[in-house]
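J.: Can you keep this structure in mind? I'll have questions shortly.
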Amino acid sequence: MTSTSATPDAARTRDLLGAWFRASGRHGLPWRRLREPYPVLVSEVMLQQTQVDRVVPYYHAWLDRWPGFAELAAAASADVITAWRGLGYNRRALALHAAARAVVERHAGRFPWEPKELRALPGVGPYTAAALRCFVLDEPLPVLDTNISRVIARLALGQATARDVPRSALEAAARSFLPAQGGRDHNLALMDLGALVCTSRTPLCGSCPVSTQCRWYASGRPLPPPDRRPPAPRFEDTARFARGRIVDRLRNGPAHKAELSGILPPRHRPYLEAYLASLQRDGLAVPLGPDTWALPPG
DNA sequence: AAACCGGGGGT
DNA sequence: ACCCCAGGTTT
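Take 1 as the starting number for the first sequence in my numbering and just add one per residue.
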């Protein structure tokens with residue numbers, strides 16, 4: 001069939017995508033094309049649910065302070081949490097710290113590339129494990145982040161979003177486009193296309209290098225089915241907001257419970273004990289005395 | 001499968 | 001006001 005085919009041609013799609021990537025990819029990102037696992041792991045964990053532009057300065061500061069697994073493993077938890085200020089999802093900082101210690105202590109400083117051991121590192125799930133092997137070792141693997149998932153859902157499956165597509169279907173479709181060898185530039189191209197052109201809200205199909213291959217474009221870009229989740233509560237009313245406030249105060253040093261209560265909106269104050277217990281469970285706070293709390297020293 | 005986990009920027 | 005983001009872990 002021709003360009004009116006119902007399904008994209010894999011080789012043609014790869015070629016068009018590759019040419020676009022060489023001309024328009026985000027080649028300036030500092031973690032691109034590095035072949036060592038440490039800086040790539042740092043970038044990947046920082047990029048979990050945090051946008052690229054905000055990660056860049058943190059990435060540089062982090063590598064400057066802790067240039068390798070050994071240095072990070074030797075750091076104090078409190079310093080790691082403090083350096084994470086502003087990135088959000090503070091448990092990721094602890095995971096990265098614990099992963100560095102696992103590499104040093106459990107794997108004798110040798111990065112565990114075997115999938116099972118890789119996935120056992122704290123903070124390394126399906127995406128990050130595939131990303132590390134693909135971007136550092138240049139292996140042809142499906143790498144399904146939110147951007148690539150959306151591109152594959154549209155291009156290969158004709159869906160407006162990846163929301164209702166089973167992961168197995170996304171994997172199979174992504175695999176069908178992979179080159180026989182390599183794969184780093186291919187997946188980076190898909191990722192950049194999703195970030196720069198095939199965006200979630202207002203995709204720029206007029207500027208898309210693979211619109212002629214796209215099933216979603218060919219079918220007139222049908223809208224996604226309506227999302228029928230209940231509306232989320234105001235962020236200021238969530239435990240996440242209160243926990244974030246507490247951790248941010250502890251970054252300045254130990255604090256008495258009365259002060260911690262004072263920095264919370266009144267609506268949260270009855271739950272201070274519960275918030276502190278959950279933070280202690282997560283390793284983000286420890287009691288110093290009966291009523292004084294701090295970041296974990298270890 | 002669903003809930004939980006922060007914060008900032010874009011629209 | 002609402003959406004989005006180089007997800008992972010726990011239940």
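Using N, Cα and C, we set each Cβ at its ideal position, and we do this for glycine too.
#1: Expressed to the nearest angstrom, what Euclidean distance is found between the alpha-carbon atoms of Ala274 and Val136?
#2: Could you check the C-alpha separation between Pro179 and Pro142 for me, to the nearest Å?
#3: Ala102 bridges to which residues according to DSSP?
#4: Whose C-beta lies closer than 8 angstroms to the C-beta of Pro140 among residues of the same chain, with five residues either side of it excluded?
#5: Using only CA atoms, which one of Arg267, Tyr127, Ala129 and Pro222 lies nearest to Ala239?
#6: If you reduce the DSSP assignment to three classes, tell me which class Pro254 lands in.
#7: Can you give me the Cβ contacts of Met191 inside the same chain, cut-off strictly under 7 angstroms, excluding the 5 residues immediately before and after it?
#8: Give every residue of the same chain whose Cβ lies closer than 7 angstroms to the Cβ of Met46, excluding the five residues on either side of it in the sequence, and list them in chain order.
#9: Taking 7 angstroms as the line, does the beta carbon of Leu178 fall inside it for any heavy atom of the ligand NAD?
#10: Going straight from the alpha carbon of Pro115 to that of Leu96, what length do you get?
#11: Using only the alpha-carbon positions, how far apart do Arg106 and Val40 sit?
#12: Can you give me the C-alpha to C-alpha distance between Arg163 and Gln49, rounded to a whole angstrom?
#13: Could you say which of Pro224, Arg12 and Arg33 lies nearest to Leu188 if we only look at CA atoms?
#14: How is Pro297 classed by DSSP in three states: helix, strand or coil?
#15: Using only the alpha-carbon positions, how far apart do Leu121 and Gly253 sit?
#16: Given a cut-off of 8 angstroms on the beta-carbon distance, is the pair Ala6 and Arg215 in contact?
#17: To the nearest angstrom, how far is it from the Cα of Leu327 to the Cα of Pro222?
#18: Does the stretch 202-212 come into contact with the stretch 8-16, if we say contact requires no fewer than three beta-carbon pairs (one atom in each stretch) closer than 8 angstroms?
#19: Restricting to runs no shorter than 4 residues, where is the alpha helix (DSSP H) found entirely within the stretch 171-250?
#20: Just the C-alpha distance for Thr2 and Ala218, rounded to the nearest angstrom, thanks.
T.: According to the data block:
#1: 41 angstroms
#2: 11 angstroms
#3: Looking at the DSSP output, Ala102 bridges to nothing.
#4: Cys134, Leu178, Pro179, Ala180, Gln181, Gly182, Gly183 and His186, listed in sequence order.
#5: Closest in alpha carbon position to Ala239, among Arg267, Tyr127, Ala129 and Pro222, is Arg267.
#6: coil
#7: Asp145, Asn147 and Ile148
#8: Val55, Tyr58, Tyr59 and Leu87
#9: The ligand content of the structure shown is nil, which means the ligand NAD is not present either.
#10: Straight-line measurement puts the Cα of Leu96 at about 18 angstroms from the Cα of Pro115.
#11: Their Cα atoms are separated by approximately 20 angstroms.
#12: 16 angstroms
#13: Arg33
#14: Pro297 falls in the coil class under three-state DSSP.
#15: C-alpha of Leu121 to C-alpha of Gly253: approximately 29 angstroms in a straight line.
#16: yes
#17: Here the chain comprises residues numbered 1 to 298, so residue 327 is not present and cannot be evaluated.
#18: yes
#19: 184-196, 215-218 and 239-250
#20: Residue placement at Thr2 cannot be trusted, given a pLDDT of 48 that sits under 50; what the coordinates show is reported in the next sentence. Each residue's alpha carbon lies about 12 angstroms from the other.
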